[in-house]
C-alpha cells in the first residue's frame, strides 16, 4: 500500500486545535522534524509552548489517532517536547532580564492571603514540569521566600553580578537573602523601587523560561516599578473567598489593567478545610468568591487551593508542598493552577506590542 | 514618530504635536496650579525635536526631547487618541 505524503500527515494533524490559542497546531508551528519512511512509519516532534501544558496527554493521543487513521501508516511515533516562547518581541534588546522568556507576577492587593505560598508553589510546580524557573521575591518589607524555600544563605557574587540562590531546582532571589536576620528594612517608596530594579538588573538570572515575581500587597511603589521596568507577561491575582479580600483583589487587578499588564486570572486560596477528626468540609472564609469575581471581571478563574496544615508546615520547614507531598490535595491544586497559568502565559507569546519607529 | 498598532493601524506623530500633548505634571499642572503649556504660547525648536523614545512596561512610551525634557509618560491609550 502507498504511504501518505508529508502534506497528508500535516493535513491530518491540522485537525487538532489548541484550545487556548484557538488555532491548529500545524499553523502554530508545533509540528517539527516530520519523517515518513517507505514502510509507513511516521515520526515527528510535537513542540508545546510550555512543559506544564494542561492538554499535553490529550494532544499526544489526538496526534497518534489522527495520523494512525491515514491509509498506509503502520506506526506513529510522537516525540513530545516543549519550548517556551518569549512573551513579546521587544522593540530593543533590553538590559533588564535579557535571558528571561516569560515574567509572571503574583499579586493580591490585600496582605495575608497566601500570595508568597502560591508564588513559591507555582514556581516549584512549573520547575517540576521541566521548565527552568526563577523566583524573585519583590516584597522588600516582608520577604518570605528564604524561609519558605529553606534558603537562608547570602548570595555569591561573580563578574559584578549577584548570583541567584539555587534551591529545589529553582533560582531564587529575595531581599531577605541580602538583609538576613531580624533587622527590618526601613525604606521610603522610591528606595523600594530602586531595590526591586536592582534585583532584576544586578542579579545574573541567566536563561529562564519563567520568572515568577512575588509582589508585596498594595497597589503602590513595588507594583508600579515592576510594571514600568519590565514588560510583564501577565499577573495572577491571589485572594481568599470572603468579600473583604475579593474587593481588594479586584482593585489590584484593575491597577494592572490600567498598566496594560494582562490579568492571567484569579486564584482562590484557603478555599475550604477538611477537618482531620470529623472529615467534614468547612468553608471558613466562604467559598467561590474568587470565581464569582473572575466572572464579573471577565478574566479566567485559575483554580482553588484548600486550607491545609501540610501547606503551612512545609512552608515553615522550607520545602514547597508540591515537592514534599505531591499527593496531597493542596499540591494537586497548585500543579493544576500552574498549568493553567502556563497555558494563559503561552497565549501572550502570540501577542505583539505596538511597533514604534522614530525618524 | 510612527506607531504600528497591534490591529495593524498606523499613526504618524510629529515632535511638535507630542510636545504640546505632554502629560507630565510640569506641563499639565497639578493640584489646581496651571502647567507650563497653558502659560506659554510658543516653544523653542529644541523642545519640539524628539531625541529618544523608550518603552515603559508595556503600557506607555517615555519621550525625550532635545531640550532635555523627558518627564512625560505617554500611555498607549493617549497615543491612540492623538492619532484620531
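Protein chains in written order, with the working numbering: chain A, 7 to 365; chain B, 7 to 90.
Where is the CB? At the ideal position from N, CA and C, for every residue including glycine.
So which residues on chain B does residue 362 of chain A lean against when the C-beta distance must stay under 7 Å?
Here residue 362 of chain A corresponds to residue number 356 of the first chain, with the count starting at 1. Per Cβ cutoff of 7 Å: 7, 9, 59 and 67.
Using the three-state DSSP reduction, which class does residue 352 of chain A fall into: helix, strand or coil?
As a working note, residue 352 of chain A is residue 346 in the first chain. Residue state, collapsed to three classes: helix.
Could you check if residue 9 of chain B is buried or exposed, using at least 16 other CB atoms within 10 Å of its CB as the buried criterion?
Translated into positions along the second chain, residue 9 of chain B becomes position 3. Classification for residue 9 of chain B: buried.
Does the CB of residue 88 of chain B have a neighbour CB from chain A at under 8 Å?
Here the question's residue 88 of chain B lines up with position 82 in the second chain. For residue 88 of chain B, the answer is no, since every Cβ of chain A falls outside 8 Å of its Cβ.
Assign residue 124 of chain A to buried or exposed, taking buried as 16 or more other Cβ atoms, counted over all protein chains shown, within 10 Å of its Cβ.
Position 118 of the first chain, counted from the first residue, corresponds to residue 124 of chain A. The residue in question, residue 124 of chain A, is buried, as its Cβ has 16 or more Cβ neighbours within 10 Å.
What residue does the beta strand (DSSP E) around residue 181 of chain A start on, and which one ends it?
Taking the first residue of the first chain as 1, we reach residue 181 of chain A at position 175. No beta strand (DSSP E) holds residue 181 of chain A; the alpha helix (DSSP H) holding it covers 181-184.
Please report the distance separating the alpha-carbon of residue 17 of chain B from that of residue 43 of chain A.
If you number the second chain from 1, residue 17 of chain B lands on position 11. If you number the first chain from 1, residue 43 of chain A lands on position 37. Residue 17 of chain B and residue 43 of chain A: Cα-Cα distance of roughly 52 Å.
Is residue 233 of chain A close to chain B, meaning its C-beta is less than 8 Å from at least one C-beta of that chain?
For the purposes of this step, residue 233 of chain A is taken as residue 227 along the first chain, with counting starting at 1. Closer than 8 Å to some Cβ of chain B, the Cβ of residue 233 of chain A qualifies, so yes.
By alpha-carbon positions, which one of A:56, A:103, A:59 and A:8 ends up nearest to residue 370 of chain A?
Past the boundaries of the shown model lies residue 370 of chain A; chain A is included only from 7 to 365, so the question cannot be answered.
Report the three-state DSSP secondary structure of residue 38 of chain A (helix, strand or coil).
For the purposes of this step, residue 38 of chain A is taken as residue 32 along the first chain, with counting starting at 1. Three-state DSSP puts residue 38 of chain A in a strand.
Answer yes if the stretch 262-269 of chain A comes into contact with the stretch 246-254 of chain A, meaning at least three C-beta pairs across the two stretches below 8 Å, and no otherwise.
no
Among the residues of its own chain, which have a CB less than 6 Å from the CB of residue 337 of chain A, if the five just before and after it don't count?
Position 331 of the first chain, counting from 1, holds the residue named residue 337 of chain A. Contacts found: 327, 328 and 331.
Run of the beta strand (DSSP E) containing residue 107 of chain A, from where it starts to where it stops
Here residue 107 of chain A refers to the residue found at position 101 of the first chain. Its beta strand (DSSP E) spans residues 106-113.
Could you spell out where the beta strand (DSSP E) holding residue 203 of chain A opens and where it closes?
Residue 203 of chain A sits at position 197 when you count from the first residue of the first chain. From DSSP, residue 203 of chain A is part of no beta strand (DSSP E) but of the alpha helix (DSSP H) over 195-207.
Residue-chain proximity (residue 72 of chain B, chain A), Cβ-Cβ < 8 Å
Within the second chain, residue 72 of chain B is the residue found at index 66, counting from 1. Judged by the 8 Å Cβ criterion, residue 72 of chain B is not in contact with chain A.
Where does residue 89 of chain A fall in DSSP's three states?
Reading the first chain from its first residue, position 83 is the one you call residue 89 of chain A. Note: residue 89 of chain A maps to coil in three-state DSSP.
Please report whether the beta-carbon of residue 23 of chain B lies at a distance below 8 Å from any beta-carbon of chain A.
Here the question's residue 23 of chain B lines up with position 17 in the second chain. Chain A contact via Cβ: absent.
Thinking C-alpha only, which one of A:363, A:144, A:133 and A:321 is nearest residue 219 of chain A?
Numbered from 1 along the first chain, position 213 holds the residue referred to as residue 219 of chain A. Ranking the options by Cα distance to residue 219 of chain A, first place goes to A:144.
Check whether the Cβ atoms of residue 340 of chain A and residue 153 of chain A sit closer than 8 Å, and answer yes or no.
Position 334 of the first chain, counted from the start, is the residue given in the question as residue 340 of chain A. Position 147 of the first chain, counted from the start, is the residue given in the question as residue 153 of chain A. No. Outside cutoff.
Cβ distance (whole Å) where residue 352 of chain A is taken to contact residue 55 of chain A below 8 Å
Here residue 352 of chain A refers to the residue found at position 346 of the first chain. Here residue 55 of chain A refers to the residue found at position 49 of the first chain. Yes, they are in contact, since the Cβ atoms of residue 352 of chain A and residue 55 of chain A sit about 4 Å apart, within 8 Å.
Run through DSSP, which three-state label would residue 102 of chain A get?
Along the first chain, one-based indexing puts residue 102 of chain A at 96. Three-state DSSP puts residue 102 of chain A in coil, outside helix and strand.
Is it true that the CB of residue 116 of chain A sits closer than 8 Å to the CB of residue 254 of chain A?
Mapped onto the first chain, residue 254 of chain A falls at position 248. Mapped onto the first chain, residue 116 of chain A falls at position 110. Against a cut-off of 8 Å, the Cβ pair of residue 116 of chain A and residue 254 of chain A comes out as a contact.
The alpha helix (DSSP H) spanning residue 22 of chain A covers which residue range?
Locating residue 22 of chain A in the first chain gives position 16, counting from the first residue. Residue 22 of chain A -> no alpha helix (DSSP H), and no H or E assigned at all.
Does residue 238 of chain A come within less than 8 Å of chain B when only Cβ atoms are used?
Translated into the one-based positions of the first chain, residue 238 of chain A becomes position 232. So, interface residue.
Taking residue 335 of chain A as the reference, which of A:59, A:314, A:319 and A:320 has the closest Cα?
By 1-based counting over the first chain, the position of residue 335 of chain A is 329. Minimum Cα distance to residue 335 of chain A is reached at A:314.
Which two residues bound the contiguous beta strand (DSSP E) that contains residue 269 of chain A?
Along the first chain, one-based indexing puts residue 269 of chain A at 263. Segment 269-274, the beta strand (DSSP E) holding residue 269 of chain A.
DSSP three-state label for residue 177 of chain A, please.
On the first chain, residue 177 of chain A is found 171 positions in, with the first residue counted as 1. It is a strand residue.
Can you find a C-beta in chain B that's less than 8 Å from the C-beta of residue 112 of chain A?
The residue you call residue 112 of chain A lines up with position 106 of the first chain. Answer no: the Cβ-Cβ gap between residue 112 of chain A and chain B never drops below 8 Å.
Please classify residue 54 of chain A: does DSSP put it in a helix, a strand, or coil?
Here residue 54 of chain A corresponds to residue number 48 of the first chain, with the count starting at 1. Here residue 54 of chain A sits in strand by DSSP.
Could you check whether residue 202 of chain A and residue 231 of chain A sit closer than 8 Å to each other, using their CB atoms as the reference points?
The residue given as residue 231 of chain A occupies position 225 in the first chain. The residue given as residue 202 of chain A occupies position 196 in the first chain. Yes, they are a contact pair.
Interface residues of chain A around residue 38 of chain B at Cβ under 8 Å?
Locating residue 38 of chain B in the second chain gives position 32, counting from the first residue. Neighbours of residue 38 of chain B on chain A: none; closest Cβ ~24 Å, over 8 Å.
Bounding residues of the beta strand (DSSP E) (the contiguous stretch that carries residue 308 of chain A):
In the first chain, counting from the first residue as 1, residue 308 of chain A sits at position 302. Here the beta strand (DSSP E) through residue 308 of chain A covers 307-310.
Return the bridge partner residues of residue 281 of chain A from the DSSP annotation.
The sequence position of residue 281 of chain A within the first chain is 275, counting from 1. Answer by DSSP bridge pairing: none, since residue 281 of chain A is not bridged.
Spatial distance of residue 310 of chain A from residue 56 of chain B (CA atoms):
Numbered from 1 along the first chain, position 304 holds the residue referred to as residue 310 of chain A. Numbered from 1 along the second chain, position 50 holds the residue referred to as residue 56 of chain B. Going by the C-alpha atoms only, they are around 49 Å apart.
Beta-carbon separation of residue 142 of chain A and residue 179 of chain A under 8 Å?
To locate residue 142 of chain A, count along the first chain from 1; it is residue 136. To locate residue 179 of chain A, count along the first chain from 1; it is residue 173. The answer is yes: Cβ separation under 8 Å.
So what's residue 123 of chain A in DSSP terms, helix, strand or just coil?
Numbered from its first residue, the first chain carries residue 123 of chain A at position 117. In the structure shown, residue 123 of chain A sits in a helix (DSSP, three-state: H, G or I).
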